[in-house]
Every structure is written in structure tokens, then in C-alpha cells.
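Asks: Have a look at this one.
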Amino acid sequence: MDKHQRRQQIADYKRRAPRSGIYHVRCTASGESWAGPANDLSTIGNRLWFTLRLGNHPHRRLQQAWNLHGAEAFQWHDAHVLEHDPDLHDFERARRLQDALAEVCRRTGATALR
22 MDKHQRRQQI
32 ADYKRRAPRS
42 GIYHVRCTAS
52 GESWAGPAND
62 LSTIGNRLWF
72 TLRLGNHPHR
82 RLQQAWNLHG
92 AEAFQWHDAH
102 VLEHDPDLHD
112 FERARRLQDA
122 LAEVCRRTGA
132 TALR
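Take a look at the structure:
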């Protein structure tokens with residue numbers, strides 16, 4: 022890959038529209054589940070697994086379940102994806118994410134991660 026192609030790929034990545042939405046994590050060993058909002062669903066999984074592996078995730082019960090059962094006991098999926106709207110203000114996107122989080126938690130019985 023030459024320098025021009027690399028620069029073009031970086032520029033394309035920076036211009037991409039993020040996929041906002043709600044993610045859902047389930048511990049198959051205990052049956053517990055958690056859901057949280059994400060401004061970019063494509064990156065939240067790495068951040069979540071990273072903090073859990075380091076042992077410093079802010080949600081204590083999720084961290085305890087991870088420490089007890091290990092990574093192989095956890096499943097992850099996108100529970101709700103917001104449609105991309107470039108004209109949507111940040112506060113409106115945040116409100117829609119909170120509404121979607123409440124709906125996913127009600128539907129699945131998941132604990133909300135905020």
C-alpha cells in the first residue's frame with residue numbers, strides 16, 4: 022500500500038458515520054445481563070472487554086461476574102441501532118439512546134450500564 026492509498030483510507034475512516042445504539046452483554050453461566058448506550062457500536066466492544074480484562078470496569082457486579090466466570094461465559098450483541106441522522110443534535114441523540122436503553126432493559130431484564 023502506498024502513502025496516498027493509506028492517507029485515503031484514513032480519511033475515509035474519519036468521515037464514516039458512527040453507528041449509535043444499545044449493546045447487550047449476557048453471562049451464560051449466571052444468566053445475568055447488562056445493556057448500555059454507545060455512540061459508536063463498532064468500538065464499544067473493544068473498550069468493554071479491555072476494561073473487564075484489566076479488572077477496572079466501573080460496574081462492580083459485571084466485573085465480579087467476569088472475574089468469576091471468565092470471558093468465554095460472555096456473549097455480546099447490538100440490541101438496538103439508531104438510524105444515522107447528521108442533523109440530530111448531541112442532546113437529542115443522547116435522549117434517544119436513553120429511551121432505547123430503557124426499552125431494551127425492560128424487554129430483556131438487563132441491568133443498565135450508564
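Throughout the sequence shown, residue numbering follows my numbering, covering 22 to 135 in sequence. Backbone N, C-alpha and C fix where the C-beta goes; we use that ideal spot for every residue, glycine too.
Within a Cβ cutoff of 7 Å, which residues of the same chain sit near Ala131, ignoring the five residues on either side of it in sequence?
Replies: So the list reads His45, Ser54, Trp55, Ala56 and Val125, once near-sequence residues are dropped.
Asks: Which residue's Cα is closest to the Cα of Pro107: Ser63, Arg37 and Asn67?
Replies: Out of Ser63, Arg37 and Asn67, Arg37 has the C-alpha closest to the C-alpha of Pro107.
Asks: Counting only the same chain and skipping the five closest in sequence on each side, list residues whose C-beta sits under 6 Å from that of Arg47.
Replies: Ser54 and Gln96.
Asks: Among the candidates Pro58, Tyr34 and Lys35, whose CA atom is the shortest distance from the CA of Asp99?
Replies: Taking only the C-alpha atoms, the option nearest Asp99 is Pro58.
Asks: Per DSSP, His101 forms a beta bridge with which residues?
Replies: Answer is Ile43, bridged to His101.
Asks: Counting along the chain, where does the beta strand (DSSP E) carrying Ala94 start and finish?
Replies: Segment: none, Ala94 is in no beta strand (DSSP E) and carries neither H nor E.
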